[in-house]
Structure formats: C-alpha cells, structure tokens
Amino acid sequence: MARAITKEELFKTIELDNRITNEGVYISPEVAETLDFDNKVQEQMRTCFDMNHETYTKTKLPTALRLDSNYRLRFTYKHDAPFSVEHENGKYYLLEGKNLISEVSFVEKPAFYNEKTSDGISMKTIANEIGKTKVSVAYSNECALKDKGLDCKFCNINATKSRFADLQGIAWKTPRQIAETYAKAREEGYESITITGGFVPERREVEYYIDVAEAIQDVTGLADFGGTACVGAPADLSVIEKYKEAGYRAISTNLEIWDENIFKTICPGKDQICGGRQNWINALKREVEVFGKGNVRSFFVAGIEPKSTLLEGIEYLTELGVVAIPLHWTPNPGSELEGHRAPTPEWYMDLYHKTYTLLKKNGLTHLDLYKSANVENSIFDYFYDLDGDHLNIAKHEADRVHFVGEDSVVDDSKIDVVEKTA
1 MARAITKEEL
11 FKTIELDNRI
21 TNEGVYISPE
31 VAETLDFDNK
41 VQEQMRTCFD
51 MNHETYTKTK
61 LPTALRLDSN
71 YRLRFTYKHD
81 APFSVEHENG
91 KYYLLEGKNL
101 ISEVSFVEKP
111 AFYNEKTSDG
121 ISMKTIANEI
131 GKTKVSVAYS
141 NECALKDKGL
151 DCKFCNINAT
161 KSRFADLQGI
171 AWKTPRQIAE
181 TYAKAREEGY
191 ESITITGGFV
201 PERREVEYYI
211 DVAEAIQDVT
221 GLADFGGTAC
231 VGAPADLSVI
241 EKYKEAGYRA
251 ISTNLEIWDE
261 NIFKTICPGK
271 DQICGGRQNW
281 INALKREVEV
291 FGKGNVRSFF
301 VAGIEPKSTL
311 LEGIEYLTEL
321 GVVAIPLHWT
331 PNPGSELEGH
341 RAPTPEWYMD
351 LYHKTYTLLK
361 KNGLTHLDLY
371 KSANVENSIF
381 DYFYDLDGDH
391 LNIAKHEADR
401 VHFVGEDSVV
411 DDSKIDVVEK
421 TA
C-alpha cells in the first residue's frame, strides 16, 4: 500500500503530522486487539519514556502508522483525540471525526524483536527501531536525579519505569546484551545505534559507554559501528575525547532548554550536577572540536520556553555546527508537567520552519541530520525532501516519500522502490 505524491501533498501531510503529534490519536481496545503484534506490527516498548499523551495499559499499542502514501506518523495515544484509527473488513483507516483521511497500515515489527540474547533477555526490551537504518538503546530506564529530587520537570523516565518495567520486562542493559542485539539488528540493515539513558549514580557514564563500544566491536567485528553516544555534560570536558577514541561516530548532549533561568527551573539536576547551563554549552563546543561539525546533536523540549529564546539558542548552536533540533513537547504522563498544554500546531510549524532555515543557513545537511540525530521520518527529514535534498542511501528508500508530476525531484526507479517495498 503506497503511492508517490506531489510536494504540495507532502507539505499538507507534514501539517497533518504536526497536528496528530499535538492532539493525539485514539484507538479502541477492540481495534488494538485485532493487530498482530506477535508477527507483524511493531509494538510500543517503553524502554525509556512513555511518549503518549496519557498512560495506557489495556492493550499493546502500535509504534507508528503509515498513510497510503507510505508517510510514517508516530502514534501517540489520547482517549479524546480528534483523530482515530478504525477497522473495517480487514482494513484500517485514519479518521478526523467522521472524515476519512487515509487508509493506514502499521510500521512493521523488526525480526530481531523476536530474538533473545545469550542470557535469555528479549531483544525488543533492549533496542527500539526508530527508522529504517537506526536503533536506539536506553541502557538505563531510570534516572538517578530522582533520588536527589532533581528530575527534569518534563521528564517521565522514572514514572515510566514504575508503570511499564515489570509489565514489559524492561531492566538495566549490559554491554553484552546491547552488542548482541545490535549485531542481530544489523543483519536486517540497521546500520547505526544511539546509546542513551538516565543519569547513573556517580556519573560513571564514560566507563560504561566505553564498555558498550568494546562489546559491540567484539561481537560485530566493526571498528566503526555507527554509534552515537547521548551523554550529559561532563565536569571534565577532556573525557569527551574518550567517546571518540572508543569508536563513537557522533555524540549528543541535550540541552533541552535555552533560557538560563527557565533551564534552572525545568532542569534542576542538569543545572546543579553538571556545572550549570554554561558547562552544557561548553561541552557542546568541545564536542564539535572533537567530533566535527554535523556530528554533534542537541535536542530541545519545544513549547516550555518562549519561541524567541529557543530560536536564539538554536541559532547559536547551529552556527557552531551543532545539529540543534526542537522536539514537540507532549506533556508526558507521570512528569511534573503532566496536565499542562503544549502550544498550538501553528506555533510548532512556525518554529520548525525557522529552525530548518537556520540548519540550512549554517550548512547542516540532510546527511548530518541522519548521522547525529534520531529524526528519521521526522518533519525535519521531510523538509529536506521538500527542498529536493534526498539521501543517496538505498536502505532508506522504503521509508521515503517520493514525488511525481511537475514537482518531481527523483527518478522513476526510486518511486518504484517505494511501491514495491511498502
């Protein structure tokens, strides 16, 4: 189920994507129970965060939907959302109210999700598929900042652990478990891995990340294993070089908030334990020196601070060579900001347009986006497509939306790939 679309339709689909992320999607337990999670449909695994609008445990939930154009939409559950997934005669449809938007399918379950590590742990609890070539591992599904009362106000990692760790069998991951899971995922074409997680006691991040890198290299035989290390800002910036020496290709230090005073309030642990906001900025500067422009990422939780200050931070970091990306804030269940409201979809679209302009202005390419950021199939991914900046990577083609007609920017052979593999 796929077809090629025009640029105009892609832009409208991006707007729909933005609205659905903002407002959520409803699926009834009866419809959810018709999905074949055992063999076909990728289920949500809350290995780090619960990114739905509200906690849902009645049934399993899909990770993402595919429209009939093959465009991928992240599924975020909300019981009173204006959008819903309906089931009729073996087919599934996305509706807004009573209005049909598209027939939909569901993102496929990777084969490695059914495998186990050598010590008997289900690999779907180790790594999550986040795109056609990427997996992400949350080595720790809890954050030590909780014990100090310093959790980030928007974060629900500890609440997610309390609600889903036992239900889904999720626990701390050993370097060997990660290495075996990634090796199995590579057999399916997943070429890069991001290692992330909450703060660990005594900030022993660098030693653990080195152990993971060595285990992956041992199991896969690869010196360059396509790794991104997502880390906190270290007190000693010289340790940044150790991540590069260990074999990581890219690094991520997520500042989350730019405004200095709001940063102190929203991210008290990052402020008090990691040397304050300026140390986070200094860490990003040093990371660019060590890893190079386009190989450093910083995410922001967009919607908590004024747009003007957020864009100020994005401009500053992109000028340094950091892939700075604002993520759509969903007030997560279990976080201290649960029950708050994110800005309007229009607010976000304006922010995304201005951010994309800054990325392009400062020479950060589509490939940089893929190398350093887990944003495959994101709005920014498709903004590059709208500009005709397509990645020449064959394994991505099954997840690309391609254009036809007067706005065509790719050749017919690539369009055929989409139609045959979706």
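Heads up: the sequence shown at position 341 corresponds to 341 in full-length UniProt numbering, and the numbers run straight through without jumps.
Here a beta-carbon is modelled for each residue, glycine too, at the ideal position from N, C-alpha and C.
Please report the distance separating the alpha-carbon of Glu115 from that of Thr125.
Between Glu115 and Thr125, the C-alpha separation is close to 10 Å.
Once you ignore the five residues that flank Ser122 on each side, which residues in its own chain have a CB closer than 7 Å to its CB?
For Ser122, where only same-chain residues beyond five positions count, the Cβ hits under 7 Å are Lys116, Gly169.
Look at Val137 and Ile195 and say whether their C-beta atoms are less than 7 Å apart.
Contact check for Val137 against Ile195 passes: the beta carbons are separated by less than 7 Å.
Please classify Asn156 as buried or exposed, where buried requires at least 16 neighbouring CB atoms within 10 angstroms.
With 16 or more other Cβ atoms within 10 Å, it is buried.
Please state if the CB of Phe383 and the CB of Tyr348 are separated by a distance shorter than 7 Å.
The answer is no: Cβ separation not under 7 Å.
Quick check: what's the CA-CA separation for Gly149 versus Leu337?
Distance from the CA atom of Gly149 to the CA atom of Leu337, rounded to whole angstroms, is 15 Å.
With distances taken from CA atoms, which of Tyr26, Met51, Asn22, Asn39 is nearest Pro333?
Closest option to Pro333, Cα to Cα, is Met51.
Identified DSSP bridge partners for Lys134
In DSSP, Lys134 forms a bridge with Gly131, Ser192.
Which residue from Phe154, Val107, Glu289, Ala215 puts its Cα closest to that of Asn39?
For Asn39, the nearest C-alpha among the options comes from Val107.
Measure the C-alpha to C-alpha separation of Leu237 and Lys134 and round it to an integer number of angstroms.
Looking at the two C-alpha atoms, the distance is approximately 28 Å.
Which residue wins for smallest C-alpha separation from Thr174, given the options Gly221, Leu145, Val206, Val212?
With distances taken between Cα atoms, Thr174 lies closest to Val212.
Proximal residues to Pro376 (C-beta, below 8 Å), its chain only, five neighbours per side dropped
The sequence as given places Glu at residue 376; Pro does not occur at that position. Within the same chain, Glu376 has close Cβ partners Ile130, Gly131, Lys132, Thr133, Lys134, Tyr370, His396, Asp399.
Can you give me the C-alpha to C-alpha distance between Trp73 and Glu142, rounded to a whole angstrom?
The amino acid occupying residue 73 in the given sequence is Leu; Trp does not appear at that position. Distance between the alpha carbons of Leu73 and Glu142: 27 Å.
Measuring only the C-alpha atoms, how far is Ile257 from Asn89?
Rounded to the nearest angstrom, the gap between the Cα atoms of Ile257 and Asn89 is 47 Å.
Using three-state DSSP, classify Ile27 as helix, strand or coil.
Assigned with DSSP and collapsed to three states, Ile27 falls in strand.
My assumption, with CB atoms under 8 Å, is that Leu320 sits in contact with Leu284. Please give the rounded CB distance.
So it is a contact: roughly 7 Å between Cβ atoms.
Kindly identify the DSSP beta-bridge partner or partners of Ala250.
Answer by DSSP bridge pairing, in chain order: Thr228.
Where are the beta strand (DSSP E) runs, 3 residues long or more, that stay fully inside the region 62–147, in chain order?
Under the rule that a run must span 3 or more residues, the beta strand (DSSP E) segments found entirely inside the region 62–147 read 64–66, 72–74, 83–88, 91–96, 99–106, 127–131, 134–140.
Okay, do the region 40–49 and the region 323–331 touch, 3+ Cβ pairs below 8 Å being the bar?
They do not touch, by the three-pair rule.
Touch check for the region 223–236 and the region 176–192: three-plus C-beta pairs under 8 Å?
Contact between the region 223–236 and the region 176–192 is present: 3 or more CB-CB pairs across the two stretches fall below 8 Å.
Inter-residue CB distance, Val31 and Glu86 (contact presumed, cutoff 8 Å):
So it is a contact: roughly 7 Å between Cβ atoms.
Between the CA atoms of Ala165 and Ser140 - distance to the nearest angstrom
If I take the Cα positions, the gap works out to 11 Å.
Helix, strand or coil at Ser372 according to DSSP, with G and I counted as helix
Judged by DSSP in its simplified three-state form, Ser372 adopts helix.
DSSP-derived helix/strand/coil call for Glu315:
For Glu315, the secondary structure class from DSSP, reduced to helix, strand or coil, is helix.
Tell me whether Ala235 is buried or exposed, calling it buried when 16 or more other Cβ atoms sit within 10 Å of its Cβ.
Answer is exposed; the Cβ neighbour count stays below 16.
Closest residue to Asn22 among Ala302, Glu287, Leu10 (Cα-Cα distance)
Checked all of Ala302, Glu287, Leu10; the closest Cα to Asn22 is Ala302.
Taking the continuous alpha helix (DSSP H) assigned at Phe263, which residues delimit it?
Taken as a continuous stretch (DSSP letters only), the alpha helix (DSSP H) holding Phe263 covers 260–266.
According to DSSP, Leu327 sits in a beta bridge with which residue or residues?
Per DSSP, Val301.
In whole angstroms, what is the alpha-carbon distance linking Asn362 and Asn18?
C-alpha separation (whole angstroms): 25 Å.
Identify whether Gly269 lies in helix, strand or coil by the three-state DSSP scheme.
Gly269: helix per DSSP, three-state reduction.
Using a Cβ-Cβ cut-off of 7 Å (strictly less than) and excluding sequence neighbours within five positions of Glu180, which residues of its own chain qualify?
Contacts found: Thr117, Ser118, Val219.
Quick one: measure Cβ to Cβ for Val322 and Val288, integer angstroms, because I've assumed they're closer than 8 Å.
Their Cβ separation, rounded to whole angstroms, is 6 Å, which keeps Val322 and Val288 in contact under 8 Å.
Could you pull out every residue in the same chain whose Cβ sits closer than 7 Å to the Cβ of Lys354, ignoring the five residues on either side in sequence?
Spatial neighbours of Lys354 in its own chain (CB-CB distance under 7 Å, excluding positions within 5 residues in sequence) are listed in chain order as Leu311.
Among residues of its own chain, excluding the 5 on either side of His79, which ones have a beta-carbon nearer than 7 Å to its beta-carbon?
Taken in chain order, the residues that qualify are Tyr26, Glu54.
Tell me the DSSP secondary structure of Ile5 in three-state form.
In the structure shown, Ile5 adopts extended strand secondary structure according to DSSP, grouped into three states.
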